[in-house]
Structure formats: structure tokens, C-alpha cells
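Heads up, the sequence shown is in the numbering used here, so the first residue is 208 and it goes up one at a time.
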Amino acid sequence: MKHSLLTISRYALAAWVGAAVLFVLTSVAEVRSPELDSATKSTLALLRFPYYYAVGFTLVPVAMICEVLGCSIRYSRHQRLIISLVCLTLLLMLIDYFLIYQPLAEMTRQNSRPPNFIAYHHYSRWINTLHVSIATITSLVASRTESHIKADAAHTL
């Protein structure tokens, strides 16, 4: 059971990174498309972003819960690092959603953009890049199992 939970955790992290990257790539393609006017781009953003957050707020907590439940009673340094990074990713996502995305979505619904729209958009890009980068690093760190770490340590002696 422990190994299954850890496997689900790793898949959930990797799935979130892949989904976030795909979302960003399609979003950039839409924003750069000359065929779409500003109103259509705004509408697409308002339709798309709730799904982005729904997927993220599903996969990252699943990864965190499975990681915690899949670890032994005494956490190794490796397991504590993974859990800490997943928690940091989730914390940044929550900050983004409540303090940046929701005000930005409200600004997007308005007919004219308020002066702080550009700043919020930059904050959004920055915090999303940060949390997806941390999730990517976490996924890579998590792929190194305890047995790999112990084997590497034995070879360096």
C-alpha cells in the first residue's frame, strides 16, 4: 500500500506539471493569436482559469496526502523535503488563487482595465512560474527513491 501511495503522489505531481505547462502553452498561443480580439481573449481566460485551478487544487493535495500516508512513521530527510516542497507549492497556489487570481478575474470582467491590472498580471505570471517550478523540482526529487539514495551513498564510500 505504501508504494502505491508514493507512486500516486509522484504521478499527481508530474501530471500537475504537465497540465500547467500545457495550459500555459495554449494560453500564450491564444493571447498571441491575431485572429482573436481582446474581448474574446478575456472571455477565454475567464473560461479557462477555473479549470486550471481545479486541476491544480486536485492534483497537488492528492500528491501531498499520498506522500504523507505513504511515508513510514519515521520520515527520512528525503521524505521531509518532498512533503515540505509539496506544501510550499500548495501554499503558493493558495496565495495566487485568493490574493492574485480572484482580483485579476474581477478586473478582467470589467469593461476597462484598472491601472493595477498589469501589476496583477505580472504577479500572476511570477507566482505561477515559481509554484510550477517548485512542483517540477519536487517531482524530480521524488523520483529519486530511498533505495536510489542509499545505493548512491554506498558507492561514494
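Just so it is clear, CB atoms sit at the ideal spot from N, CA and C, and this is done for glycine as well.
Between the CA atoms of residue j and residue i - distance to the nearest angstrom
i	j	result
LEU232	VAL238	10 Å
THR315	TYR282	45 Å
HIS338	VAL269	16 Å
THR296	ILE290	10 Å
GLN317	LEU276	44 Å
LEU301	LEU213	23 Å
TYR259	GLN286	27 Å
THR250	LEU299	25 Å
SER346	GLU274	12 Å
ARG284	ALA252	40 Å
PHE324	LEU254	18 Å
LEU243	ALA221	32 Å
Simplified DSSP state of residue i, which is helix, strand or coil
i	result
GLU274	helix
ARG332	helix
MET208	coil
GLN309	helix
ARG320	coil
SER350	helix
ARG255	helix
ARG217	helix
SER249	helix
SER234	helix
SER279	coil
N-terminal and C-terminal residue of the alpha helix (DSSP H) that residue i is part of
i	result
GLU242	Per DSSP, GLU242 belongs to no alpha helix (DSSP H) and is neither H nor E.
SER291	284–302
Contacting residues, own chain, Cβ-Cβ under 8 Å from residue i (five flanking each side not counted)
i	result
PRO321	MET314
THR343	VAL224
TYR327	ILE307, PRO310, LEU311 and MET314
VAL228	VAL339
SER350	ARG217
SER331	ASP303, ILE307, TYR308 and LEU311
SER319	none
PHE256	TYR308 and ALA312
Residues near residue i in its chain [Cβ-Cβ closer than 6 Å; skip 5 each side]
i	result
ASP303	ILE334
Own chain partners of residue i with C-beta closer than 7 Å, once the 5 adjacent residues on each side are dropped
i	result
LYS248	GLU237 and VAL238
LYS209	GLY277
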